[in-house]
Structure formats: C-alpha cells, structure tokens
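J.: First the structure, which I've put down as structure tokens, then a few questions once you've had a look.
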Amino acid sequence: LSPSGLSREYPNPASYSLTIRNNANSVCSASSFSIGASATGAASAIPSDGLLSIAPGATKTTTVTATPTSLPSSTTNHTVTASVSRSNPSQLVQDASQLTVAPPAATCVLSLPTILVNPANGTTEYPNPVSYLVSLTNNDSAACSASTFSLTSNALFGGQPTAEVSAALGNSCLTIAPGATATTSIIATPLVLPAQAKAYSVAASASRVAQAGASVGSVGFTVTPPPTEPPPPPPPSSTVDLVISVIGGRD
3 LSPSGLSREY PNPASYSLTI RNNANSVCSA SSFSIGASAT GAASAIPSDG
53 LLSIAPGATK TTTVTATPTS LPSSTTNHTV TASVSRSNPS QLVQDASQLT
103 VAPPAATCVL SLPTILVNPA NGTTEYPNPV SYLVSLTNND SAACSASTFS
153 LTSNALFGGQ PTAEVSAALG NSCLTIAPGA TATTSIIATP LVLPAQAKAY
203 SVAASASRVA QAGASVGSVG FTVTPPPTEP PPPPPPSSTV DLVISVIGGR
253 D
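When you read off a place in the sequence shown, starting at 1, and then add 2, the result is the number in my numbering.
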C-alpha cells in the first residue's frame, strides 16, 4: 500500500495504490483474491476492486480511497489498512499507511460593519456646535485582512438633506482589522437661526469598494434660538417746572 502517508484537508479524500502479486508457482491456476480496506478514527476506506483474479507470478494494482468522515477541530492521524485474502489455501495479508487530516483553512467572509453615533440625542443653542463620537466595527471573519472604510456624514431635516446644519467628519477613512473598532467624530454646527426649537438628525455612513451596500447610523440634533434679551428699561422720568408769568397789558 503506497505511499506510506498522505495529508488531506477535510473533507478531501486520499487515494492509495495497492499492489498485489500472486507468489504461487507456475503450475498453479489463477487465484481470486478478496480485497478489503479500513481506517481508524473518523475516516473510512474503500477499495476500488473487491475481487481480483491474478495468475501465478503476475501482479495487479488497484486503488484504496480513504475519506475523513467528520470535521476535526485540529489535525488528526488515521491508519489506513488494506487486506488481501483467498480461501484456497486460506491466506490473509495486510499492509497499512497513514492519513493525516487537517481542518479546512479559514476563509474570508465579508460582512457590513456596525456604525454607532453617540450621544443618542444632542441639543445646542444657535450657533454653538455639538460633537458626536462615531464608532465603526469591522464584522468580517478573522481570516480577512484589514479593510479601509470610507465615511460620509450629513444633516437631515424631515428625512431630507439640509443646508441649515453642517456635519463635518474628523476622518473620512478608517482602516480596521476584523473584529476591531475605530472611532472618529462629527461636529454638527447650526448655520441658520431658528425662530424656535427645531429638530434635525445627524447621520454617518460607512462603505468600501470590496462590498456592496453601506451601514448608516444617525442621532437626533435639536437647535434652539438663543434666549431673547429683555427690552431695556425706560429712561427715568423727569419733572419740569413750568413758570408762566402774566404781564399786565393795557386795557
């Protein structure tokens, strides 16, 4: 049975060559040899031929296929045994080889990132800005390389973009390893004085070239007008003495 050992990644099979020689002398008739195979542990072994007729002094070759039957958590070793027998005369010979099975190599699976914007709601008095923390988590599998995500931000009123508030990102790109989180900021600044408190939202989105779609996170943002200055007090009242002189005239 050759080779003496093979290595395979689950669930790939391994093929061994089994060579059988009939050592009977030339006066004997051809013999029928029964062929069997087995494997230890979580593996199976099957010969491609269950019976071979071989003339004295002749050689024939067949194949034994060994297959791992369950996913190993780590590399495992198995013994693959081939047996050849005949009934007349009763004879049995065996040979063995090794099979090493490794778990499959991890593959990279891309997933959309998770983006969070905090605090959940912000309120500011015009024209003061508010700072938000943007957290972006790479949800790819561990076999993936680090990815660079492009970030955008905007302000919305009634679900539509508005020019009444600016939303400036601290970083427009973040490179993040699988499972890791990176942060940046958004500075939201009201640009238009509202007549009364007005509710907006601030949104951030993350995307990358290697994957369709984007992840979006948003929070509320309320702008209030500055307090109205009270009117100035009236000037202090003053008293003016009016003196009327009557000068007598001629009748």
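Cβ coordinates follow ideal geometry from the N, Cα and C atoms, glycine included.
Source: prediction; values computed, not measured.
Give the secondary structure of Q100 by DSSP, where H, G and I count as helix, E and B as strand, and everything else as coil.
T.: strand
J.: Excluding the 5 residues preceding and the 5 following T38 in the sequence, name in chain order all residues of the same chain whose CB lies nearer than 6 angstroms to its CB.
T.: The amino acid occupying residue 38 in the given sequence is Gly; Thr does not appear at that position. Take G38, set aside five residues on each side of it, and the residues of its chain with a beta-carbon closer than 6 angstroms to its own are S85, in chain order.
J.: Among S19, T78 and A32, which has the Cα closest to the Cα of D1?
T.: Since the first and last residues shown for the chain are 3 and 253, residue 1 lies out of range.
J.: Among G59, A45, G181 and P196, which residue has its Cα nearest to the Cα of L112?
T.: Considering only alpha carbons, the answer is G181.
J.: Tell me the rounded alpha-carbon separation between A216 and P74.
T.: 36 angstroms
J.: For F223, which option in S203, T230, S209 and A214 has the closest C-alpha, if you only look at C-alpha atoms?
T.: Of the residues S203, T230, S209 and A214, the one whose Cα lies closest to the Cα of F223 is S203.
J.: Under 8 angstroms: do the stretch 87-99 and the stretch 155-174 share three or more Cβ pairs, one atom per stretch?
T.: Output reads no: the stretch 155-174 does not touch the stretch 87-99.
J.: Taking DSSP as the reference, what is the three-state secondary structure of P256?
T.: Any question about residue 256 goes unanswered here, given that the chain covers just 3 to 253.
J.: Just checking, does the stretch 130-138 make contact with the stretch 190-199 on the three C-beta pairs under 8 angstroms criterion?
T.: yes
J.: What number of angstroms, rounded off, separates the C-alpha of N24 from the C-alpha of R88?
T.: 11 angstroms
J.: Among the residues of its own chain, which have a CB less than 7 angstroms from the CB of A201, if the five just before and after it don't count?
T.: G222 and T224
J.: Assuming I226 contacts A197 (C-beta within less than 8 angstroms), just tell me the rounded distance between them.
T.: The residue asked about is misnamed: residue 226 is Thr in this sequence, not Ile. No, T226 and A197 are not in contact; Cβ-Cβ is about 11 angstroms, not under 8 angstroms.
J.: Taking the Cβ atom as the reference point for each residue, do N254 and T116 lie within a distance shorter than 9 angstroms?
T.: Here the chain has residues from 3 to 253 only, and residue 254 is not among them.
J.: Is the closest heavy atom of the ligand MN to the C-beta of N141 under 8 angstroms?
T.: Annotation note on the ligand MN: not contained in the displayed structure, which lists no ligands.
J.: Under the assumption that L138 contacts A208 (Cβ atoms under 8 angstroms), give the Cβ distance between them as a whole number of angstroms.
T.: 5 angstroms
J.: Report all residues from its chain with a CB closer than 6 angstroms to the CB of S155; omit the five preceding and five following residues, and keep chain order.
T.: A169, L171, I188 and A206
J.: Please state whether the Cβ-Cβ distance between V103 and T83 is less than 9 angstroms.
T.: It is not a contact, given that the beta carbons lie outside the stated cut-off.
J.: T81 and A41 look like a contact to me (Cβ under 8 angstroms); what is the Cβ gap, rounded to whole Å?
T.: Right, the Cβ-Cβ distance comes to about 7 angstroms (below 8 angstroms), so this counts as a contact.
J.: Cα separation between S55 and F35?
T.: Each residue's Cα considered, the two are about 6 angstroms apart.
J.: What is the DSSP secondary structure of E166, counted as helix, strand or coil?
T.: In the structure shown, E166 adopts coil according to DSSP, grouped into three states.
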